[in-house]
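Notes to accompany the following structure.
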């Protein structure tokens, strides 16, 4: 569920109210500041520092200059891990976004089903990725799984044993888990679109489809940016699900970047190179969220202007 | 009018198909957990058990489930309560002391924290936990969980406290209340909906957390439920009904919690993300 952490939410700075009053309040931030620094800021700086060292998990930590970086950047596994990561990211975005938008629009307009569907839709988000991965692993069994149960022989595939299918399964499960969440985001956003816009367009004779493309979608622009950023950064750090579902297999077909980091660090005991991969993770994540913000035209505007 | 109806049907059909996609695996887990190992392999996998059995649940409970459950409760409560408490204090100070440049920097730091992915810093966290001799304890999971709950909690709580009318704070001041008294008697009750949202949200992500328990603990005694589930899967292998029972058991508490706090969670989430 760590994938739910939303890095894209923009907040207006607190409004400045006269005077420097508030100095006496600083002590109230101290506990939060201490623990956040110790286990958030320091590790972030630490991972950068560790990427210039050698540490085999038991011995001493030795500075080693650019060795870890050279190892990682010349490792033929890295381009593959990046490719797998971006493939899963792109495909899950393509699957999740249209479905979430359409479901969100539908649920926003239909009071009758909204409550009922929202209750049941939300359930996948409650489950741990481990539980979901384990369930699907059993359900996708080529002999006793879904194909047999539904009587559709086409579904009797060796889902997790075939490289292409395994990537598809990961994308499907990620979508299964998170489409409900993004649907809720879109549902909320659609409801906050001013009703007068639809009334005006109705007078102009716009049909439902025209309204969708001319009003709803443009108005959802910032929501699409937020939701896409969550999806993209979520896929980038996808770990639990893949680790339990395929452990990166078959072969290295689903060995995405976060998993590659874990394997390098905690299985091969190469903490230096693993830290370099972690730094790449952070940089790619920051780069992607900045890019999405630019694409959404949110780079320089304030939040209010977009509302 | 024609177009209008068609699009609605499309959305409606999609909504119900998606519901089926969502519910099918959940239905499957629950019914499978009541089948015996023998009947699982001979009956249709989606057929409800003719002769429901609790045997699988007993198997799971006998192999330490209660211990893992309690570990998860300890980790979740041990992280969420302090996380929300310190975040609430910090948010109060950030909002009430707006204009103070230290407080503004502190706020910015927390906002930047939203962008740090836990997975990417797990190696240094592991190193720190070893150095402070907390490896393989529940506290090892708790400490980083608190830290990573702070940014979002501060964001949500500060936005909420900001909406409290300034006059209320001023009148408390006039009455001679200290900042601590104002926080406790005014901000806390008024912020309750946001607090509940933040508590539920953090509890959910910590309860389901996998990578911290995986990296920071080792002995079976310290396993939390997601990790236990993973080891159950290794142990039971082909005993699919037992695996299904363990999945069901770890899921039931969270579904109950959801049933209780649903409205709050949904409204909090939609308010926090939709704009």
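Protein chains in written order, with UniProt numbering: chain A, 1 to 307; chain B, 1 to 275. Just so you know, even glycine gets a beta-carbon here, dropped at the ideal spot from N, CA and C. Note that the structure is a prediction, hence the values are computed from the model and not measured.
Starting from residue i, trace the alpha helix (DSSP H) both ways and give me its first and last residue.
i	result
residue 159 of chain A	Taken as a continuous stretch (DSSP letters only), residue 159 of chain A belongs to no alpha helix (DSSP H), as it is neither H nor E.
residue 236 of chain B	225 to 236
residue 326 of chain A	Because chain A in this structure spans residues 1 to 307, residue 326 of chain A falls outside the shown range and cannot be described.
residue 167 of chain B	166 to 174
residue 46 of chain A	42 to 50
residue 80 of chain B	66 to 96
residue 234 of chain A	221 to 236
residue 129 of chain A	129 to 139
residue 197 of chain A	195 to 203
residue 149 of chain A	146 to 150
residue 202 of chain B	192 to 207
residue 211 of chain A	208 to 211
residue 135 of chain B	That residue, residue 135 of chain B, is in no alpha helix (DSSP H); it is neither H nor E in DSSP.
residue 70 of chain A	67 to 74
residue 215 of chain A	Here residue 215 of chain A belongs to no alpha helix (DSSP H), and DSSP marks it neither H nor E.
residue 27 of chain A	Element bounds for residue 27 of chain A: n/a, residue is neither H nor E.
For a quick check, are the C-beta atoms of residue i and residue j less than 7 Å apart?
i	j	result
residue 166 of chain A	residue 253 of chain A	yes
residue 250 of chain A	residue 163 of chain A	yes
residue 98 of chain A	residue 177 of chain A	no
residue 277 of chain B	residue 246 of chain B	With chain B covering only 1 through 275, there is no way to say anything about residue 277 of chain B.
residue 250 of chain B	residue 131 of chain A	yes
residue 228 of chain A	residue 88 of chain A	no
residue 25 of chain A	residue 96 of chain B	yes
residue 154 of chain B	residue 90 of chain B	yes
residue 155 of chain A	residue 146 of chain A	yes
residue 157 of chain B	residue 110 of chain B	no
residue 79 of chain B	residue 146 of chain B	yes
residue 180 of chain A	residue 158 of chain A	no
residue 133 of chain B	residue 258 of chain A	no
residue 175 of chain A	residue 92 of chain A	yes
residue 130 of chain B	residue 75 of chain B	no
Using only CA atoms, which one of the options lies nearest to residue i?
i	options	result
residue 17 of chain B	A:59, A:24, A:39, A:120	A:120
residue 292 of chain A	A:244, A:226, A:259	A:226
residue 81 of chain B	B:252, B:238, B:198, B:261	B:198
residue 284 of chain A	A:109, A:233, A:263, A:148	A:233
residue 255 of chain B	A:86, A:128, A:34, A:240	A:128
residue 240 of chain A	A:72, A:231, A:256	A:256
residue 63 of chain A	A:273, A:295, A:289	A:273
residue 260 of chain B	B:19, B:196, B:63	B:196
residue 34 of chain A	B:164, B:68, B:151	B:151
residue 162 of chain B	B:98, B:24, B:179	B:98
residue 116 of chain B	B:138, B:94, B:144	B:144
residue 49 of chain A	B:55, B:176, B:253, B:121	B:121
residue 33 of chain B	A:139, A:190, A:258	A:139
residue 46 of chain B	B:192, B:25, B:63, B:38	B:25
residue 49 of chain B	B:61, B:253, B:27	B:27
residue 257 of chain B	B:202, B:244, B:171	B:202
residue 165 of chain B	B:9, B:187, B:94	B:187
residue 47 of chain A	B:213, B:125, B:217	B:125
Can you say whether residue i is buried or exposed, counting buried as having 16 or more other CB atoms within 10 angstroms of its CB?
i	result
residue 182 of chain B	buried
residue 15 of chain B	buried
residue 208 of chain B	buried
residue 215 of chain B	buried
residue 4 of chain B	Because the pLDDT of residue 4 of chain B is 48, which lies under 50, any placement of that residue in the model is unreliable, and the number read from its coordinates should be weighed accordingly. It counts as exposed.
residue 223 of chain B	buried
residue 189 of chain B	exposed
residue 237 of chain B	exposed
residue 2 of chain A	In this prediction, residue 2 of chain A has a pLDDT of 40, which is less than 50 and means its spatial position is unreliable; what the coordinates show is noted afterwards. With 16 or more Cβ atoms within 10 Å of its Cβ, residue 2 of chain A is classed as buried.
residue 15 of chain A	The predicted model places residue 15 of chain A with a pLDDT of 46, which falls under 50 and marks its position as unreliable; any figure quoted below should be read in that light. Classification of residue 15 of chain A: exposed, given that the 10 Å Cβ count is below 16.
residue 59 of chain A	exposed
residue 305 of chain A	With a pLDDT of 33 at residue 305 of chain A, under the threshold of 50, the modelled position of this residue cannot be trusted; read the value that follows with caution. Classification of residue 305 of chain A: exposed, given that the 10 Å Cβ count is below 16.
residue 289 of chain A	buried
residue 224 of chain A	buried
residue 308 of chain A	Since the first and last residues shown for chain A are 1 and 307, residue 308 of chain A lies out of range.
residue 252 of chain B	exposed
Step through the CB atoms of chain D and report whether any lies within less than 7 Å of the CB of residue i.
i	result
residue 29 of chain B	No chain D appears in this structure, whose protein chains are A and B.
_Contact list for the segment 214 to 243 of chain B against chain A, Cβ threshold 7 Å_ = Flagged, chain order: 215, 226, 229, 230, 233, 240, 243.
*asked:* By the 8 Å beta-carbon criterion, what residues does the segment 142 to 156 of chain B contribute toward chain A?
replied: The residues in question are 143, 144, 146, 147, 148, 150, 151, 152, 154, 155.
*Could you please tell me which residues of the segment 258 to 274 of chain A, in chain order, have their CB closer than 9 Å to any CB of chain B?*
Listed by position along the chain: 258, 261, 262, 265, 266, 271, 274.
*asked:* Output needed in chain order: residues of the segment 121 to 135 of chain A with a Cβ under 9 Å from some Cβ in chain B.
replied: Correct list: 121, 122, 123, 124, 125, 126, 127, 128, 129, 130, 131, 132, 133, 134, 135.
_Give me the subset of the segment 27 to 44 of chain A whose CB atoms are less than 9 Å from a CB atom of chain B, sorted by chain position._
From the segment 27 to 44 of chain A, only 27, 28, 29, 30, 31, 32, 33, 34, 35, 36, 37, 38, 39, 40, 41, 42, 43, 44 have a Cβ closer than 9 Å to chain B.
*Which residues, in chain order, does the segment 154 to 177 of chain B contribute to contact with chain A at a C-beta distance below 9 Å?*
For the segment 154 to 177 of chain B, the residues whose beta carbon sits under 9 Å from a beta carbon of chain A are, in order, 154, 155, 158, 159, 162, 166.
*According to a CB-to-CB cut-off of less than 9 Å, which residues of the segment 91 to 113 of chain A neighbour chain B?*
The residues in question are 99, 102, 103, 105, 106, 107, 109, 110, 113.
*Could you please tell me which residues of the segment 34 to 52 of chain B, in chain order, have their CB closer than 9 Å to any CB of chain A?*
For the segment 34 to 52 of chain B, which is checked against every Cβ of chain A, the residues closer than 9 Å are 40, 41, 44, 45, 46, 47.
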